[in-house]
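*Asks:* No gaps in the numbering here: position 157 of the sequence shown is 157 in UniProt numbering, and each next residue is one more.
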Amino acid sequence: MQSAPTKIEQEVKLTKELFNKLDADGSGSIDMAELKAGHRRQRVIDYAEYERLMNMQRFDDAQGGNLYVRNAIKFGLLKPDSVLADCVMVGNKGFDPLNCATSMDALKNYREAELKHGRLAMLAAAGWPVSELVQPYLAKMLGQPDLLAAGEKAPSLLNGGLDRVNPVFFMAIIIFTATVESVAFTRTRGADYIPGDLGFDPLRLYTGKSEPVKRDLELKELNNGRLAMLAITAYAYEEFLTKASVIQDTPFLFKSIL
1 MQSAPTKIEQ EVKLTKELFN KLDADGSGSI DMAELKAGHR RQRVIDYAEY
51 ERLMNMQRFD DAQGGNLYVR NAIKFGLLKP DSVLADCVMV GNKGFDPLNC
101 ATSMDALKNY REAELKHGRL AMLAAAGWPV SELVQPYLAK MLGQPDLLAA
151 GEKAPSLLNG GLDRVNPVFF MAIIIFTATV ESVAFTRTRG ADYIPGDLGF
201 DPLRLYTGKS EPVKRDLELK ELNNGRLAML AITAYAYEEF LTKASVIQDT
251 PFLFKSIL
């Protein structure tokens, strides 16, 4: 049975604005001399935990107020004892039917891999149609061969045409990737480490922002990466099945920009 809300839960409305007011030093966490009556020790509540409390206030306590997780358990997509069942990690939709996330450390490793693949997919989802749009014009303008595969499709394992790309390009990609990975491996990964955080923010879109804004940006990157992974997979199979380029199959999305 759901317990009745406490007096403080009834009187205090948890909002992002309240978190920013309580976080007076802008550290991204709230220091409390006493979190509960009788506990004479200091505890820190970061914004992820605070957001969990907000969700619990709105949607009840089960699964930390996460409706996605609650429904995932209901439909058998997540085991009730999974680490995702009550997890404050951003973007937790409770989807783990194979129970891959056996621990929090394993979950962080999977999230790190998901973000890396998502970032690559976002670049590919933009670069694939752009190459099909721009390559013919650049090749003609510079007097160079058109490197697109048959049917003016982007080179890929399914489309072919990778043998026409200069090996130096692939070598440069390998060196760049190895450099980025080496930076990731040398970063200290403490309890507060955020998966995917390489400290790369030259435009300061993330650095210096409030915790609610940071968490919102993290969620947007994750969601866009997930969508891009689906999109790039759809590109590859669409061109393989239709034998036509993405820009030819969907001219209303791409041809109108030229």
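The C-beta atom is built at its ideal place from N, Cα and C for all residues, glycine as well.
Quantities reported herein were computed from a predicted structural model and do not represent experimental measurements.
Whose C-alpha, out of G28, L133 and S82, is nearest the C-alpha of P251?
*Replies:* L133
*Asks:* Here's the rule I'm using: 16 or more other beta-carbon atoms within 10 Å means buried, otherwise exposed. How should T15 be labelled?
*Replies:* exposed
*Asks:* Going residue by residue through the stretch 72-122, where are the continuous beta strand (DSSP E) segments of at least 3 residues, counting only ones entirely within it?
*Replies:* none
*Asks:* Just to check my reading of the structure: S131 and A236 have Cβ atoms closer than 8 Å, yes? What is that Cβ distance to the nearest angstrom?
*Replies:* Not really, about 13 Å apart at Cβ, beyond 8 Å.
*Asks:* For the alpha helix (DSSP H) containing D216, list its first residue and its last residue.
*Replies:* Element bounds for D216: E211 to T242.
*Asks:* On the DSSP bridge assignment, give the partners of D46 in chain order.
*Replies:* Answer is S29.
*Asks:* Assuming A101 contacts L84 under a Cβ cut-off of 8 Å, what Cβ separation, rounded to an integer in Å, is found between them?
*Replies:* 6 Å
*Asks:* What first and last residue would you give for the alpha helix (DSSP H) that runs through I173?
*Replies:* P167 to T186
*Asks:* Given a threshold of 16 other Cβ atoms within 10 Å of its Cβ, counted over all protein chains shown, does N92 qualify as buried or as exposed?
*Replies:* buried
*Asks:* Report back the beta-carbon spacing between S245 and E114 to the nearest angstrom; my notes put them in contact at under 8 Å.
*Replies:* With 8 Å as the limit, S245 and E114 do not qualify as a contact, their Cβ atoms being about 28 Å apart.
*Asks:* Where do the N-terminal and C-terminal ends of the alpha helix (DSSP H) with L253 fall, by residue?
*Replies:* Run containing L253: P251 to F254, per the alpha helix (DSSP H) assignment.
*Asks:* When the Cα atoms are used, what is the spatial distance from G94 to N166?
*Replies:* Approximately 43 Å between the Cα atoms of the pair.
*Asks:* Are the CB atoms of L78 and V69 within a distance shorter than 8 Å?
*Replies:* yes
*Asks:* Just tell me which of K209, G76, A121 and E49 has its CA closest to the CA of N99.
*Replies:* G76
*Asks:* Assign G160 to one of three DSSP states: helix, strand, or coil.
*Replies:* strand
*Asks:* Output the distance between the C-alpha atoms of R52 and I45, rounded to the nearest integer angstrom.
*Replies:* 11 Å
*Asks:* Output the distance between the C-alpha atoms of T233 and D146, rounded to the nearest integer angstrom.
*Replies:* 24 Å
*Asks:* Considering Cα atoms alone, identify which of A139, D192 and L148 is closest to S29.
*Replies:* Of the candidates A139, D192 and L148, the residue whose Cα lies closest to the Cα of S29 is D192.
*Asks:* Count the other CB atoms within 10 Å of the CB of Y137; is the residue buried (16 or more) or exposed (fewer)?
*Replies:* exposed
*Asks:* Taking the straight line between their C-alpha atoms, what separation do you get for G38 and R111?
*Replies:* Its pLDDT being 31, under 50, G38 is placed unreliably in this model, and the value from its coordinates should be taken loosely. When rounded, the distance between both Cα atoms is 37 Å.
*Asks:* Just verifying my parser: in three-state terms, what is the DSSP assignment at A139?
*Replies:* It is helical.
*Asks:* Just to confirm my understanding: we take Q135, look at its own chain, exclude 5 residues before and 5 after, and list those with CB closer than 6 Å. What are they?
*Replies:* So the qualifying residues of the chain are L148.
*Asks:* Bridge partners for K153 per DSSP, in chain order?
*Replies:* Listed as beta-bridge partners of K153 by DSSP are A149.
*Asks:* Between F169 and P80, what straight-line distance do the alpha-carbon atoms span, to the nearest angstrom?
*Replies:* Rounded to the nearest angstrom, the two C-alpha atoms are 47 Å apart.
*Asks:* Use the C-beta contact count for A72: other C-beta atoms within 10 angstroms, 16 or more gives buried, fewer gives exposed.
*Replies:* Residue burial annotation: A72 is buried, with at least 16 other C-beta atoms found within 10 angstroms of its C-beta.
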